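Colleague: Dumping the structure here so I can ask a few things about it.
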Amino acid sequence: MGLGIMNGLNLLFLATNSFVLPFWGAMIFLPNWSLTRRVMGSVWPFIPLALSYIVVFAQIPPEVGQAFSSGQLPDLAAAFSDERVAALGWIHFLTFDLFVGRWIYLEGQRTGLWTGHSLALCLFAGPAGLLVHLATRVLFQQFFPARLKPSPPNPEFF
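The sequence shown: position 128 = 135 (our numbering), numbered continuously.
Following this line, the structure appears as structure tokens:
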């Protein structure tokens, strides 16, 4: 693998890491700002992430890609020792954690439920942040229903 490809891969890795941070910051610290609502109400933040994923995915050689179909942990661990696969996995995490974070944010906007703690946790540990949000929602529905906005049960996701 050429040095140029690895430098490009590292640049893309750093760019995707930096790209998601303003969205997280806006959802956590400026949730009611009109720009935050507009941007997070769209799917546009996910397009550059998905394109980055495709660029890296195209660089995965078939023999490395076969590890994904084996279903065996040692094979997957070996595949993730390849920087391209590690970058692919990281971009995958960034994209889906932000997608889940966006859902949490939109749920908070729809219901009036405070989501800052869930979003902060989701930024660092996506599934844990989702679980905390779901628990917070259940607790508020149970103990503080009057504090939640009346809203339709199934919000628009896109």
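Glycine included, C-beta positions come from ideal geometry on N, C-alpha and C. Since we're looking at a predicted model, the values are computed, not measured.
Decide yes or no for the touch test of the stretch 14-27 against the stretch 85-101: beta carbon pairs closer than 8 Å, at least 3 of them.
Modeller: With the cut-off at 8 Å, the stretch 14-27 and the stretch 85-101 touch.
Colleague: Would you check if the stretch 98-114 and the stretch 33-52 touch, i.e. whether three or more CB-CB distances between them fall below 8 Å?
Modeller: Contact between the stretch 33-52 and the stretch 98-114 is present, because at least three Cβ pairs lie under 8 Å.
Colleague: Could you give the residue range of the alpha helix (DSSP H) that holds residue 75?
Modeller: Locating residue 75 in the sequence shown gives position 68, where the first residue counts as 1. Per DSSP, residue 75 belongs to the alpha helix (DSSP H) from 69-77.
Colleague: Tell me the rounded alpha-carbon separation between residue 146 and residue 25.
Modeller: As a working mapping, residue 146 is identified with position 139 in the sequence shown. As a working mapping, residue 25 is identified with position 18 in the sequence shown. Going from the Cα of residue 146 to the Cα of residue 25 covers about 34 Å.
Colleague: Measure from the alpha carbon of residue 141 to the alpha carbon of each residue in 122, 116, 80 and 132, then state which is nearest.
Modeller: Start at 1 with the first residue of the sequence shown, and residue 141 comes out as number 134. The shortest Cα separation from residue 141 among 122, 116, 80 and 132 belongs to 122.
Colleague: I need the straight-line Cα distance from residue 61 to residue 52, nearest angstrom please.
Modeller: Here the question's residue 61 lines up with position 54 in the sequence shown. Here the question's residue 52 lines up with position 45 in the sequence shown. Answer to the nearest angstrom: the Cα atoms are 15 Å apart.
Colleague: Have a look at 68, 128, 133 and 119 and flag the residue whose alpha-carbon is nearest the alpha-carbon of residue 151.
Modeller: Locating residue 151 in the sequence shown gives position 144, where the first residue counts as 1. Of the candidates 68, 128, 133 and 119, the one whose C-alpha sits nearest the C-alpha of residue 151 is 119.
Colleague: Residues in its own chain within less than 6 Å of residue 137 by CB, not counting five upstream and five downstream?
Modeller: Position 130 of the sequence shown, counted from the first residue, corresponds to residue 137. The answer, listed in chain order, is 107.
Colleague: Does the distance from the C-beta atom of residue 135 to that of residue 126 stay below 9 Å?
Modeller: On the sequence shown, position 128 is the one that residue 135 refers to. On the sequence shown, position 119 is the one that residue 126 refers to. Not closer than 9 Å, so no.
Colleague: Got a sec? Which residues, its chain only, sit under 8 Å from residue 83 by beta carbon, not counting five neighbours each side?
Modeller: Start at 1 with the first residue of the sequence shown, and residue 83 comes out as number 76. Contacts found: 74, 75 and 77.
Colleague: Within 10 angstroms of the Cβ of residue 54, are there 16 or more other Cβ atoms? Answer buried if so, exposed if not.
Modeller: Position 47 of the sequence shown holds residue 54. The residue is exposed, with fewer than 16 neighbouring Cβ atoms inside 10 Å.
Colleague: In terms of residue numbering, what span does the alpha helix (DSSP H) encompassing residue 81 cover?
Modeller: Residue numbering aside, residue 81 sits at position 74 when the sequence shown is read from its first letter. It spans 80-86 - the alpha helix (DSSP H) in which residue 81 sits, taken as one unbroken run.
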